[in-house]
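Engineer: Got a structure here, written out as structure tokens. Questions coming.
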Amino acid sequence: MALFVLVCPTAVVAPIGLRGVSTLTCILVTCILVTCILVTDFNAPKFYTELKDNTVPRYMTVVGTSFGISIGLFASMAALGFLTFGGNSAGLILSNYSPKDTLMGISKIAVALSLVFSYPLAFVGFRDGVLDLLKVKERKPALMNSLTVGLLSFVTLLALIIPDVSFVLSFAGSTLGNALVYIFPALMFRGAVKKQPSPSKLQKFESKAVVGTALFGLIMGAVGAVKAIQSIM
Amino acid sequence: MLSPQKSPNRKGRGLLQFPSKFVSTYPDKDTDLSTGEDGPSSHRFYLFACIDLAVKSSIVSLFWNEKKRHWNPEYSEQFVLQPSLFFYILARVAITHSYLIGNPVVKGIVGAGVLSLPAGIAAFGNAPSAAVPAVALIAFIGALSAYGFGLTGRVCAMTKATTYRAAWAESLGAKSSWISAWTVTFKTCCAILAYSMILGETFQSIIAAATGNVFSTWLVLPTITAGVLLPLCMLKNLSSLAPFSLLGSLGMLYTAIAMFWRYITKAYTVSGKFGSDLAPHLRPAFGSIGASGIFNAKSAILLGMLSTAYMARK
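Order-wise, the sequence lines are chains A and W. Be aware that the first sequence starts at 213, since it is given in my numbering, and climbs by one per residue. Be aware that the second sequence starts at 34, since it is given in my numbering, and climbs by one per residue.
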């Protein structure tokens, strides 16, 4: 039984506070997010807003560079792991390496570190989401502390009483995750272009073309959902 | 090798003195947890003493900062930055290191999406050329994700929105903006639920490796949550954690370099340095299904992994 978990330090940007940060810092932080998971789209507004001299070209440079680095890392690690162990590649590739291999042992520490320190970052994203849903505008320290204790207790209790939430996680992840990455941005872009007083020809064309990425997201979501359902059958 | 016989003397120490009903005997030597070689018992004792001492000193710090004998949130950041907690974290890392390196069966402890991708390739092929379409698929999906990320930022530029919900409201209407708000909240809730479950298992295993006893997750997870996660989550400014997050990502880069080195030096081939260290099911195995395997239905497994936010316990 292997464990596949996409470590998800969601909403990292808000707590780190990227206001007015340089392009290089922004690239680094984006890499942190993208390296861990490719779902970062709901952080995109913060990235754009808090980028120093935030223009669309600068923002696209940051996005292109950071995703490029991360994709390179993804592809190289996937390929190297497979080329080393072939058909016996384990669900967690580090499991394949010898316990006597100190070089690889160090990398296991990095994974553990990433896990521990990503938790509060992900938690803040959840807490902000709840505050948003509750339409809380004034965030007093007492309220924030109470909410933190309450939500953390709630999640901890869920983690204890639910023996296996893999289906919910994989099903919701593949459907909602794909919606956030492919479908929602496409819909929002189409809506935004329609509301533009005088959209350019390129914008009009792109608003039609993004339907393709939305459809791709639907297919990806369907694949993920089917895999999730298959896992419980 | 961990031994159940050694454990009773070390059961329940200081703050970690648990009722015996929460303590079960360590699994026998045929189970996963005990298959690895562990350090000498004195080493485990030292590590456990470190963590115990660190927990105590952290709590002392907490009370030190709790001036005037009431909880003041203004001091939460100072507490977390106390050197004692730093020491605590280092102790935990040391134990993690000791356990993870000492135990070849790391499955069920921690995982990361990128580290599961080789298994995704292995699901549809077993010849080296299978890596070619896989890399292309990773790049393609990554590029589409980047496009989506860019698109969201451009929507913000057009609508002057500063949040995801606001961008939705400005482009598609405020009435339906609850869809994006609920999606984001539910998605992050799923993520931290997974985190909690993994952390519970991780620390249960670490403590088992350190003490020789397996404590119930009902004891381990609340303890970790209250002792470590809660103070960190109560930080007003989490920027102090940024260097650690960056360290984690740089660790991934290090991992890639280490994997490259092990590949080019052929350390895991039959005649390689570590070729004979592994169990048969972990040794390199190559067959004849190469790039053409991408047309196999099993390639959907890799697609599923790349399908964002896909969390699955198989």
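For each residue, glycine too, the CB sits at the ideal point set by N, CA and C.
Would you kindly work out how many angstroms separate the C-alpha atoms of residue 258(A) and residue 214(W), rounded to a whole number?
Structural biologist: 15 Å
Engineer: Could you tell me the distance, in whole angstroms, from the CA atom of residue 361(A) to the CA atom of residue 228(W)?
Structural biologist: 17 Å
Engineer: Which partner residues does residue 318(W) have in the DSSP bridge list?
Structural biologist: 298(A)
Engineer: Closest Cβ-Cβ distance between residue 147(W) and chain A: below 8 Å?
Structural biologist: yes
Engineer: If you reduce the DSSP assignment to three classes, tell me which class residue 268(W) lands in.
Structural biologist: Secondary structure at residue 268(W): coil, using DSSP grouped into helix, strand and coil.
Engineer: May I ask you to list, following chain order, the residues of the region 300-316 of chain A that have a beta carbon less than 9 Å from some beta carbon of chain W?
Structural biologist: 300, 301, 302, 303, 304, 305, 306, 307, 308, 309, 310, 311, 312, 313, 314, 315 and 316
Engineer: Taking Cβ-Cβ distances below 7 Å as the criterion, which residues of the region 284-298 of chain A are in contact with chain W?
Structural biologist: Within the region 284-298 of chain A, the residues whose Cβ lies closer than 7 Å to any Cβ of chain W are, in chain order, 285, 286, 287, 288, 289, 290, 291, 292, 293, 294, 295, 296, 297 and 298.
Engineer: Does any residue of chain W bring its CB to less than 8 Å from the CB of residue 441(A)?
Structural biologist: Not closer than 8 Å to any Cβ of chain W, the Cβ of residue 441(A) fails to qualify, so no.
Engineer: Write down every uninterrupted run of the beta strand (DSSP E) in the region 320-373 of chain A whose length is 3 residues or greater and which is fully enclosed by it, in chain order.
Structural biologist: Whole beta strand (DSSP E) segments, 3+ residues: zero.
Engineer: Check whether the region 200-215 of chain W and the region 400-410 of chain A are in contact - that is, three or more C-beta pairs closer than 8 Å.
Structural biologist: yes
Engineer: Any idea what DSSP makes of residue 335(W), helix, strand or coil?
Structural biologist: If DSSP states are grouped into helix, strand and coil, residue 335(W) belongs with the helices.
Engineer: State the DSSP-derived secondary structure class of residue 159(W), mapped to helix, strand or coil.
Structural biologist: Coil.
Engineer: Round the Cβ separation of residue 147(W) and residue 285(W) to the nearest angstrom and send it over; I've been treating them as touching at under 8 Å.
Structural biologist: 7 Å
Engineer: Say whether chain D places a C-beta atom closer than 8 Å to the C-beta of residue 269(A).
Structural biologist: No chain D is part of this structure, whose protein chains are labelled A and W.
Engineer: Give me the residue from 194(W), 173(W) and 298(W) with the minimum Cα distance to residue 283(A).
Structural biologist: 173(W)
Engineer: According to DSSP, is residue 188(W) part of a helix, a strand, or is it coil?
Structural biologist: helix
Engineer: Could you work out which residues of chain W lie near residue 407(A), taking near to mean beta carbons separated by less than 9 Å?
Structural biologist: 191, 192, 203 and 204
Engineer: Could you tell me whether the Cβ atoms of residue 265(W) and residue 332(A) are closer together than 8 Å?
Structural biologist: yes
Engineer: Alpha carbons only, please: which of 224(W), 191(W), 296(W) and 331(W) is nearest the one belonging to residue 442(A)?
Structural biologist: 331(W)
Engineer: Any beta carbon from chain W within less than 8 Å of residue 403(A)'s own beta carbon?
Structural biologist: yes
Engineer: Of all the options 370(A), 417(A) and 424(A), which has the alpha carbon lying nearest to the alpha carbon of residue 233(W)?
Structural biologist: The shortest Cα separation from residue 233(W) among 370(A), 417(A) and 424(A) belongs to 370(A).
Engineer: For residue 247(W), does the three-state DSSP call read helix, strand or coil?
Structural biologist: strand
Engineer: Can you tell me whether residue 263(A) is helix, strand or coil according to DSSP?
Structural biologist: strand
Engineer: With the cut-off set at 8 Å, would you say residue 319(A) and residue 315(W) are in Cβ contact?
Structural biologist: Contact: no.
Engineer: Given a cut-off of 8 Å on the beta-carbon distance, is the pair residue 317(W) and residue 298(W) in contact?
Structural biologist: no
Engineer: Any beta carbon of chain W sitting closer than 8 Å to that of residue 430(A)?
Structural biologist: No, residue 430(A) lies away from the interface with chain W (no Cβ there is under 8 Å from its Cβ).
Engineer: Between which two residues does the alpha helix (DSSP H) holding residue 405(A) run?
Structural biologist: 396-407
Engineer: Is residue 329(W) close to chain A? Criterion is C-beta to C-beta, closer than 8 Å.
Structural biologist: no
Engineer: I need the straight-line Cα distance from residue 198(W) to residue 309(A), nearest angstrom please.
Structural biologist: Residue 198(W) and residue 309(A): Cα-Cα distance of roughly 44 Å.
Engineer: Indicate the three-state DSSP secondary structure (helix, strand or coil) for residue 117(W) in the structure shown.
Structural biologist: Because residue 117(W) sits at a pLDDT of 44, beneath the cut-off of 50, its placement in the model cannot be relied upon, and the following sentence gives the value as read from the coordinates. Helix, per DSSP.
Engineer: Residue range of the alpha helix (DSSP H) that residue 197(W) falls in?
Structural biologist: 197-205
Engineer: I need the DSSP call for residue 148(W), collapsed to helix, strand or coil.
Structural biologist: helix
Engineer: If I measure Cβ to Cβ from residue 301(A) and keep anything under 7 Å in the same chain, skipping five residues before and after, which residues do I get?
Structural biologist: 293, 294 and 308
Engineer: What is the DSSP secondary structure of residue 73(W), counted as helix, strand or coil?
Structural biologist: Confidence is the limiting factor: at residue 73(W) the pLDDT is only 40, short of 50, which leaves the residue's position unreliable, though a coordinate-based value still follows. In the structure shown, residue 73(W) sits in coil (DSSP, three-state: anything other than H, G, I, E or B).
Engineer: Rounded to a whole number of angstroms, what is the C-alpha to C-alpha distance between residue 212(W) and residue 355(A)?
Structural biologist: Between residue 212(W) and residue 355(A), the C-alpha separation is close to 25 Å.
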